[in-house]
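Numbering (my numbering), first residue to last: 11 to 321. Ideal placement from N, C-alpha and C gives every residue a C-beta, glycine not left out. Please read these numbers as outputs of a predicted model, since none were measured by experiment. These notes concern the structure reproduced below.
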């Protein structure tokens with residue numbers, strides 16, 4: 011079980027293997043790097059550590075509050091845990107932190123705090139004040155402070171950066187299958203089930219409304235998706251609508267899931283919804299009856315897909 015903690019709370023004195031980055035998506039490219047990190051750590055009896063930053067540096071340095079992330083911190087922690095990582099360490103990214111010199115960052119954080127004996131880093135990684143230091147500087151610090159530096163190749167780094175960009179693009183376009191291929195797992199939305207207006211129940215399609223508290227979480231393109239979840243230890247499938255419910259005069263975006271063959275009360279529970287495939291855009295129907303007819307078609311299509319791929 012990995013520990014997700016703030017940098018200032020880390021107190022393990024065992025030497026470590028560290029990699030640094032935002033790792034948004036923890037996708038197939040990231041997984042390759044982390045598996046290598048975990049393997050080296052196990053072989054050398056070291057702690058495996060991913061040092062990441064939050065908020066995203068772009069939110070602070072470029073005032074880019076609009077950047078949306080593929081994972082929440084909790085989702086990222088779970089994904090790293092599945093890879094066997096010992097620690098996900100989060101350093102709060104502030105303007106003050108961005109002014110640390112490369113020497114201060116290496117000495118105070120990597121060496122004195124994390125007891126690094128091996129660092130795995132991209133050939134193009136820049137760090138320190140104004141991002142002026144690079145992997146060659148890191149190698150020089152390695153000689154001074156006695157830690158090894160392993161370079162992640164250009165090819166692997168390109169895979170990582172391109173994948174994150176491509177995943178965001180695919181999600182924004184509703185191309186969930188492409189996103190899932192790059193991720194190496196199903197894209198997820200994690201939130202709390204809250205009460206909605208109860209309109210779904212009136213047309214025999216009761217829905218669970220998902221409230222996501224993290225404003226930075228990327229929500230894919232509006233539309234209807236086939237989804238999978240585990241609720242109270244039970245695997246359930248369903249269909250989910252992301253949108254404003256225009257047929258009933260909705261104005262604000264909501265995320266509503268209609269679970270198949272499931273009728274338990276789950277208000278207040280935290281659930282993870284995995285998105286499998288997108289089946290259509292959200293439409294404004296001429297009447298509630300027309301919407302109901304379409305929902306029956308959606309359900310038939312969803313069940314056919316689930317039976318073919320998951321049963």
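Alpha-carbon spacing of residue 189 relative to residue 154, whole angstroms:
Taking the first residue of the chain shown as position 1, residue 189 is located at position 179. Taking the first residue of the chain shown as position 1, residue 154 is located at position 144. If you take the alpha carbons of residue 189 and residue 154, they lie about 42 Å apart.
Kindly give me the distance between the Cβ atoms of residue 222 and residue 288, rounded to whole angstroms, as I take these residues to be in contact under 8 Å.
As a working mapping, residue 222 is identified with position 212 in the chain shown. As a working mapping, residue 288 is identified with position 278 in the chain shown. Between residue 288 and residue 222 the Cβ distance is about 18 Å, and since that is not below 8 Å, they are no contact.
Return the residue from the list 98, 158, 151 that minimises the CA-CA distance to residue 111.
Here residue 111 is taken as the residue at index 101 of the chain shown, counted from 1. The residue with the shortest Cα to Cα distance from residue 111 is 151.
Could you pull out every unbroken beta strand (DSSP E) segment of at least 3 residues lying fully inside the region 200–288, listed in chain order?
218–221, 233–241, 244–253, 264–269
Apart from the five residues just before and just after residue 194, which ones in its own chain have a Cβ nearer than 8 Å to its Cβ?
Position 184 of the chain shown, counted from the first residue, corresponds to residue 194. Setting aside the 5 residues that flank it on each side, residue 194 is surrounded in the same chain by 37, 38, 41, each with a C-beta closer than 8 Å to its C-beta; the list follows chain order.
If I measure Cβ to Cβ from residue 156 and keep anything under 6 Å in the same chain, skipping five residues before and after, which residues do I get?
Position 146 of the chain shown, counted from the first residue, corresponds to residue 156. Here the set comprises nothing.
Whole-Å CB distance - residue 24 paired with residue 56, under 8 Å assumed
Indexing the chain shown from 1 puts residue 24 at position 14. Indexing the chain shown from 1 puts residue 56 at position 46. About 7 Å; that satisfies the 8 Å criterion.
Which residues mark the beginning and the end of the alpha helix (DSSP H) in which residue 125 is found?
One-based indexing of the chain shown puts residue 125 at position 115. In the DSSP assignment, residue 125 falls outside any alpha helix (DSSP H), carrying neither H nor E.
Option in 248, 68, 267 with minimal Cα separation from residue 255:
For the purposes of this step, residue 255 is taken as the residue at position 245 of the chain shown. Out of 248, 68, 267, 267 has the C-alpha closest to the C-alpha of residue 255.
Between the Cα of residue 148 and the Cα atoms of 131, 140, 293, 320, which residue gives the shortest distance?
Numbered from its first residue, the chain shown carries residue 148 at position 138. For residue 148, the nearest C-alpha among the options comes from 131.
Own chain residues within Cβ distance below 6 Å of residue 160, not counting five before or after
Translated into positions along the chain shown, residue 160 becomes position 150. Same-chain partners within the cutoff: 130.
If you run the structure through DSSP and keep just helix, strand and coil, what is residue 197?
For the purposes of this step, residue 197 is identified with residue 187 of the chain shown, where counting begins at 1. Note: residue 197 maps to coil in three-state DSSP.
Spatial neighbours of residue 265 within its chain, please: C-beta separation below 6 Å, excluding the five flanking residues on both sides.
Taking the chain shown and counting its residues from 1, one reaches residue 265 at position 255. Cβ within range, chain order: 220, 252.
Identify which residue in 200, 237, 113, 14 has its Cα closest to the Cα of residue 64.
Residue numbering aside, residue 64 sits at position 54 when the chain shown is read from its first letter. Closest in C-alpha terms to residue 64, from the list 200, 237, 113, 14, comes 14.
Mind listing, in chain order, the continuous alpha helix (DSSP H) runs of no fewer than 4 residues lying wholly within the region 84–144?
105–108
Quickly, what does DSSP pair residue 63 with across the bridge? List them, please.
On the chain shown, position 53 is the one that residue 63 refers to. Paired residue(s): 101.
Answer yes if the region 75–85 comes into contact with the region 225–232, meaning at least three C-beta pairs across the two stretches below 8 Å, and no otherwise.
yes
Assigned secondary structure, residue 158 (DSSP; H/G/I helix, E/B strand, else coil):
The sequence position of residue 158 within the chain shown is 148, counting from 1. Of the three classes helix, strand and coil, the one that applies to residue 158 here is strand, per DSSP.
Contact belief for residue 118 with residue 58 at Cβ below 8 Å, rounded distance in angstroms
Taking the first residue of the chain shown as 1, we reach residue 118 at position 108. Taking the first residue of the chain shown as 1, we reach residue 58 at position 48. That belief does not hold up - the Cβ atoms of residue 118 and residue 58 are roughly 21 Å apart, past 8 Å.
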